[in-house]
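Residue 263 in the working numbering sits at position 262 of the sequence shown, with consecutive numbering throughout. Just so it is clear, CB atoms sit at the ideal spot from N, CA and C, and this is done for glycine as well. Only a predicted model underlies this, so the values are computations on that prediction, with no experimental measurement involved. Notes follow the structure.
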Amino acid sequence: MQPITRSTTIRDVARLAGVSVATVSRVLNGNHGVRGPARQAVERAIKTLNFEPNQTARRLSLGKTFTLAAIAPFFYRASSVERLRGLESVFSTSAYDLVVYNVETIETRDRYFSELLRPDRVDGVVVISLSPDDAHAEAFERSGLPVVLVDAVHPRLPSVHEDSALGGYLATRHLIELGHRRIAFICDELNAPLSIIGSNANINRLAGYRRALSEAGLPLDPALFREGPHSKRLARGLARELLTSPNPPTAIFAVSDTHAMGVLDAARDLNLRVPGDLSVVGYDDVEVAEYIGLTTINQSLEKSGRRGAELLLGLLDTPVDAPTGESVQPGSESIEVTLVVRGTTGAPLQRG
Numbered sequence: 002m003q004p005i006t007r008s009t010t011i012r013d014v015a016r017l018a019g020v021s022v023a024t025v026s027r028v029l030n031g032n033h034g035v036r037g038p039a040r041q042a043v044e045r046a047i048k049t050l051n052f053e054p055n056q057t058a059r060r061l062s063l064g065k066t067f068t069l070a071a072i073a074p075f076f077y078r079a080s081s082v083e084r085l086r087g088l089e090s091v092f093s094t095s096a097y098d099l100v101v102y103n104v105e106t107i108e109t110r111d112r113y114f115s116e117l118l119r120p121d122r123v124d125g126v127v128v129i130s131l132s133p134d135d136a137h138a139e140a141f142e143r144s145g146l147p148v149v150l151v152d153a154v155h156p157r158l159p160s161v162h163e164d165s166a167l168g169g170y171l172a173t174r175h176l177i178e179l180g181h182r183r184i185a186f187i188c189d190e191l192n193a194p195l196s197i198i199g200s201n202a203n204i205n206r207l208a209g210y211r212r213a214l215s216e217a218g219l220p221l222d223p224a225l226f227r228e229g230p231h232s233k234r235l236a237r238g239l240a241r242e243l244l245t246s247p248n249p250p251t252a253i254f255a256v257s258d259t260h261a262m263g264v265l266d267a268a269r270d271l272n273l274r275v276p277g278d279l280s281v282v283g284y285d286d287v288e289v290a291e292y293i294g295l296t297t298i299n300q301s302l303e304k305s306g307r308r309g310a311e312l313l314l315g316l317l318d319t320p321v322d323a324p325t326g327e328s329v330q331p332g333s334e335s336i337e338v339t340l341v342v343r344g345t346t347g348a349p350l351q352r353g
């Protein structure tokens, strides 16, 4: 065992491992291009020498912060929490620290989009459920920093997203196949800035809902449509409006599990049995959905976060044998959506 001293340097590690200083640096920086015997030799040398790099000097010498940002509507969207869990599972094994920036207003989003995209702040950014417009995308490109979108899409940026239209279609078709004909739809405000410049998921899920109705020969009844801010409490109120109307729905498709839980609260308020008197389908399949037995659309939330993190690391990581300046350039990836049938859907009661 070599003596442990304060003067141990990266050159000592390279000498003991029998590799170049550059190779040691790549291992320390989390570059996955160093593999096999070379990586093992470096890791053994680091352990033998008890080497701990000076992080400040390392950042200055490499011109990197070793910090990544996630910009997301963290506190009011349960789906963001699970996507962030996926990000963290990947970044925690890399050389990078993750800092999360919560967005609840347009002003906050725009401030983060401008202030964080500087090389002295972060090395890369993941944007969750907030689709940038063309001006934002241009600013991202000018910054020179890698940006990956999760649950959002822009043609000039790499992204991981789910097929919201298909999810809306599967949810509505399931209710139609059970025999429902009056199926209501509850979603976020379609014209709210954070919905339109956000993920467009509401619009796409509505398109899937309309497609399923059309295929079944069912009319699109405006009286069965409700929209409002993303809130369980407000969804509860919207559902009460629908369920106390002269011709109430027998089923409600809610655009998120948060909305669906508000619908279930409204059903309890009105002493309606679920699924006897009312069937409910949510969207997201957050953890609590399984606990309460909610039929919903699973969109692999954690998986989408992991893939977003992997894409960003791919942009940050140039393989050892790649020509100078060459890096991974991923495009868009679509995550599969599936219907998860649980206890909140069933055939409608025959009303005399």
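Beta-carbon separation (whole angstroms), residue i vs residue j, contact threshold 8 Å
i, j, result
"D278", "R241", "Rounded, the Cβ-Cβ distance is 14 Å, inconsistent with contact."
"T296", "T346", "4 Å"
"A39", "L17", "With 8 Å as the limit, A39 and L17 do not qualify as a contact, their Cβ atoms being about 13 Å apart."
Chain B contact for residue i (CB, 8 Å cutoff)
i, result
"A39", "Annotation note: the requested chain B is absent from the structure, which comprises a single protein chain."
When the options are compared against residue i, the one with the closest alpha-carbon
i, options, result
"R78", "E291, V287, T94", "V287"
"V161", "H175, R183, I336", "I336"
"A185", "N299, T251, S95, V35", "T251"
"V281", "L265, Y292, A42", "L265"
"S257", "N205, E89, E44", "N205"
Cβ-based burial, residue i [other Cβ within 10 Å; buried from 16]
i, result
"L221", "exposed"
"R354", "Because the chain is modelled from 2 through 353, residue 354 falls outside the range shown and cannot be assessed."
"F92", "buried"
"R157", "exposed"
"N203", "buried"
"G19", "exposed"
"T57", "Per-residue confidence for T57 stands at a pLDDT of 48, beneath the threshold of 50, marking its modelled position as unreliable; no derived number is given."
"R112", "exposed"
Whole-angstrom distance between residue j and residue i, CA atom to CA atom
i, j, result
"A213", "G332", "30 Å"
"L207", "T24", "52 Å"
"E190", "R227", "9 Å"
"E413", "F52", "Past the edges of the chain, shown from 2 to 353, lies residue 413, and the structure says nothing about it."
"P223", "A153", "28 Å"
"A42", "P147", "31 Å"
"V367", "A71", "The structure shown does not extend to residue 367, since the chain spans only 2 to 353, so no value can be given for it."
"L239", "G229", "8 Å"
"T66", "E178", "54 Å"
"G218", "R211", "10 Å"
"R183", "T339", "23 Å"
"E83", "Q300", "11 Å"
"S21", "L29", "13 Å"
Per-residue DSSP class, three states only, for residue i
i, result
"F76", "coil"
"F1", "Residue 1 lies beyond the residue range present for the chain, which begins at 2 and ends at 353; the question has no answer from this structure."
"T57", "With a pLDDT of 48 at T57, under the threshold of 50, the predicted position of this residue should be treated as unreliable, though the coordinate-derived value follows. Helix."
"V127", "strand"
"T319", "Caution applies to T319, whose pLDDT of 42 falls short of 50 and renders its modelled position unreliable; the value that the coordinates give is listed next. Coil."
"N203", "helix"
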